[in-house]
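Each residue of the sequence shown is one higher than the one before, counting from 10 in the numbering used here.
Taking it in order: structure first as structure tokens, then the write-up.
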Amino acid sequence: MNALPSSLAIRLFLTCWLVYALHFATNTVREIYLGLAIGDHLSFRVDEYGGLHHDLFETPGRGWHIGNNPGASMLGAIPYAAARPVIDRIVEHVNRTRAASGLAGPPAYESPWAPARKFYAEAWRRGLDVKFGLGAFVMHAFCMAPLSALSVVVMFFLLRRMMEEDQRALWFSLLYAFGTPLFFRTGYLNQNMLVGHCILGAFAALTLLEGRRAALIAGFLGGFSLLLDYSGAVALGCLFLYAAMLRREYAVPYAAAAAPPVFLLWFYQWASFGHPFYPGQHYMPPVEWIDKGYQGVSGPQFELLWMLAFDYRFGLFVSCPLLLAAAAAPLLRQSLLRTRELRLLLLLFVLFWTFFSTVNYTRLQYNTGVRYMAPMIPVLFLPAAAALSRLPRWALYCVSVAALGQAWCMAMYRDVERGFGVLDPVLHVLLGGFQLPALTTLNRMNLGLEALAGGVSPLPLFALTGALVYGIWRRA
Numbered sequence: 010m011n012a013l014p015s016s017l018a019i020r021l022f023l024t025c026w027l028v029y030a031l032h033f034a035t036n037t038v039r040e041i042y043l044g045l046a047i048g049d050h051l052s053f054r055v056d057e058y059g060g061l062h063h064d065l066f067e068t069p070g071r072g073w074h075i076g077n078n079p080g081a082s083m084l085g086a087i088p089y090a091a092a093r094p095v096i097d098r099i100v101e102h103v104n105r106t107r108a109a110s111g112l113a114g115p116p117a118y119e120s121p122w123a124p125a126r127k128f129y130a131e132a133w134r135r136g137l138d139v140k141f142g143l144g145a146f147v148m149h150a151f152c153m154a155p156l157s158a159l160s161v162v163v164m165f166f167l168l169r170r171m172m173e174e175d176q177r178a179l180w181f182s183l184l185y186a187f188g189t190p191l192f193f194r195t196g197y198l199n200q201n202m203l204v205g206h207c208i209l210g211a212f213a214a215l216t217l218l219e220g221r222r223a224a225l226i227a228g229f230l231g232g233f234s235l236l237l238d239y240s241g242a243v244a245l246g247c248l249f250l251y252a253a254m255l256r257r258e259y260a261v262p263y264a265a266a267a268a269p270p271v272f273l274l275w276f277y278q279w280a281s282f283g284h285p286f287y288p289g290q291h292y293m294p295p296v297e298w299i300d301k302g303y304q305g306v307s308g309p310q311f312e313l314l315w316m317l318a319f320d321y322r323f324g325l326f327v328s329c330p331l332l333l334a335a336a337a338a339p340l341l342r343q344s345l346l347r348t349r350e351l352r353l354l355l356l357l358f359v360l361f362w363t364f365f366s367t368v369n370y371t372r373l374q375y376n377t378g379v380r381y382m383a384p385m386i387p388v389l390f391l392p393a394a395a396a397l398s399r400l401p402r403w404a405l406y407c408v409s410v411a412a413l414g415q416a417w418c419m420a421m422y423r424d425v426e427r428g429f430g431v432l433d434p435v436l437h438v439l440l441g442g443f444q445l446p447a448l449t450t451l452n453r454m455n456l457g458l459e460a461l462a463g464g465v466s467p468l469p470l471f472a473l474t475g476a477l478v479y480g481i482w483r484r485a
């Protein structure tokens, strides 16, 4: 492979962006509502969506808001605002056509989950179903997917420095992109995976760059991780200490760059709830587990530690067994990672793991798959790659094929709530064939089109994507 590193990086980015966009999932998560409100009205209020999601709540005199940090929504609002003129015209045309047709109610939505059927019916009655679908796709295809693709490129340059070989770094980067739950979590706008991207970017800046620029980039990404989710406080603090340990003069520019996103979080909380320092969860009405500790946050619990790691539906190491190889990295005599880098990565993992063992809501991941520990995917992949690179080639191939198969099945099927948890997607794909999440949703809708009676096949889209990927790499 004779291509320059920059050329490989561009090809890698385009490939990941294309494949991630193809595997768009139609979930209308809470971050989408705020993204729509910002894009539509430059407002933090989501009054028009009240009652559509259990994480939307009303506070007296202040309207409806989401119960989470706003960073992911702010990012998603950027491409949505750009696409709004087109989306608005499509939504207006569809709603006008429906009104003229005299439809009395929504078509049947053949989802196996009653809440999904109820949500679709209510969104249809409010004329929001098409807006939700198009808005979610734009936020995915032009925010979540490219940012995840960019994180793979960052991983490539880190691996390239570790392995001192472009081709080897490229193949491990592809394993990271499509052989870990990064593939699964990129299906829709998700703040947890975005925190992982911030951690990876900050670590790369401190590892690959020098001078104030490294500290400024790391500081901004550390601060932005807090704007995304309160678990980002762990990353913000650890990365600050690491930057200061590398060079004392990094401390001030790191803190200065971290300040704007932190102040933006405080402004959001003040504008939304009237107090800059109380999180949105402080104002949430009673929900399951909220009575444990402060709004559901208590002390570390062994049960949650075990579930976060090994629960059959969302455990990090069940969702991605190859990350267990990270445990072998400290035992290597000559690791590809420097000692201080390895210590930082393992410390981040232990602190995140402990942090989420205090959050009782982690038990609710059973219907979304691995999520809370998603920021640790890049953190553990680096030491795991250092260990896996020592395996014989045949063993590495076997591990890679198994990881790629599991990750792709999870990205295609996504349902880990029923049956065998994370193994259920593998069984369904093996028995039922290839699928794509968006087409699965489309197939469940009673659209009245005879051509869709047998379901929309993903094979033509797979063939087209394969041809485009081949074109991207043909002259590499």
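Every residue gets a Cβ at the ideal spot worked out from N, C-alpha and C, and that includes glycine.
Just so you know, these numbers come straight off a predicted model, no measurement behind them.
Exposed unless 16 or more other CB atoms sit within 10 angstroms - verdict on residue i
i: Pro-309; result: exposed
i: Lys-140; result: buried
i: His-63; result: exposed
i: Gly-324; result: buried
i: Arg-484; result: exposed
i: Gly-442; result: exposed
i: Glu-312; result: exposed
i: Tyr-422; result: buried
i: Gln-290; result: buried
Limits of the unbroken alpha helix (DSSP H) element including residue i
i: Thr-68; result: Run containing Thr-68: none in the alpha helix (DSSP H); it sits in the beta strand (DSSP E), 65-68.
i: Trp-73; result: Counting along the chain, Trp-73 falls outside any alpha helix (DSSP H), though it belongs to the beta strand (DSSP E) covering 72-75.
i: Tyr-42; result: 39-50
i: Gln-278; result: 260-282
i: Thr-216; result: 200-217
i: Phe-390; result: 385-397
i: Asn-227; result: According to the sequence shown, residue 227 is Ala rather than Asn. Run containing Ala-227: 221-237, per the alpha helix (DSSP H) assignment.
i: Arg-194; result: 191-194
i: Met-172; result: 154-172
i: Glu-312; result: 311-319
i: Ser-16; result: 14-31
CA-to-CA distance, residue j to residue i, given in whole angstroms
i: Pro-94; j: Asp-138; result: 17 Å
i: Tyr-329; j: Tyr-321; result: In the sequence on display, residue 329 carries Cys and not Tyr. Whole-angstrom Cα-Cα distance: 11 Å.
i: Val-28; j: Val-100; result: 27 Å
i: Ile-96; j: Tyr-287; result: 35 Å
i: Thr-474; j: Ala-335; result: 33 Å
i: Leu-45; j: Tyr-89; result: 7 Å
i: Gln-444; j: Leu-432; result: 16 Å
i: Gly-136; j: Leu-159; result: 35 Å
i: Gly-59; j: Glu-67; result: 8 Å
i: Cys-25; j: Leu-237; result: 23 Å
i: Arg-126; j: Ala-117; result: 8 Å
i: Thr-371; j: Leu-317; result: 8 Å
i: Leu-191; j: Ala-150; result: 15 Å
i: Val-306; j: Asn-369; result: 6 Å
i: Ala-260; j: Pro-387; result: 24 Å
i: Thr-106; j: Trp-482; result: 44 Å
i: Leu-218; j: Phe-22; result: 21 Å
i: Val-478; j: Val-465; result: 22 Å
Residues near residue i by beta carbon distance below 7 Å, same chain, minus five either side
i: Leu-351; result: Ala-338, Pro-339, Ser-344, Pro-392
i: Ala-178; result: Phe-165, Leu-168, Arg-169, Met-172
i: Ala-132; result: Leu-61, Asp-138, Phe-141
i: Tyr-5; result: Residue 5 is absent from the structure shown; the chain starts at 10 and stops at 485.
i: Phe-146; result: Phe-33
i: Leu-346; result: Met-171, Ala-338, Leu-391, Pro-392, Ala-395
i: Asn-104; result: Gly-136
i: Ala-460; result: For Ala-460, the pLDDT reaches just 48, beneath the cut-off of 50, and the residue's location in the model is therefore unreliable, although a value from the coordinates is still provided. No residues qualify anywhere along the chain.
i: Ser-82; result: Glu-40, Leu-43, Gly-44, Ile-47
i: His-284; result: Gln-278
i: Gly-480; result: none
i: Thr-37; result: Phe-141, Ala-145
Same chain, Cβ closer than 6 Å to residue i, neighbours up to 5 away in sequence not counted
i: Ala-462; result: Only weak support is given to the placement of Ala-462: the predicted model assigns it a pLDDT of 48, under 50, and the question is left unresolved by the model.
i: Gly-241; result: Val-204, Ser-234, Leu-235
i: Cys-418; result: Pro-434, Val-435, Val-438
i: Met-164; result: Ser-182, Tyr-185
i: Leu-230; result: Cys-207, Gly-210, Ala-211
i: Leu-84; result: Cys-152
i: Met-293; result: Phe-66, Gly-76
i: Ala-92; result: Val-147
i: Arg-380; result: Asn-201, Gln-374
i: Met-382; result: Leu-317, Leu-325
Bridge-paired residues (DSSP) for residue i
i: Met-454; result: Tyr-118
i: Val-306; result: Tyr-303, Val-368
Interface flag, residue i vs chain D, CB-CB below 8 Å
i: Leu-31; result: Judged by its chain identifiers, the structure shown contains no chain D, having just a single protein chain.
Proximal residues to residue i (C-beta, below 8 Å), its chain only, five neighbours per side dropped
i: Phe-390; result: Met-164, Tyr-185, Thr-189, Leu-332, Ala-335
i: Pro-269; result: Phe-229, Gly-232
i: Cys-247; result: Leu-353, Leu-356, Leu-357, Leu-360
heavy atom of the ligand ATP below 7 Å from residue i C-beta
i: His-63; result: This structure lacks the ligand ATP; in fact it carries no ligand of any kind.
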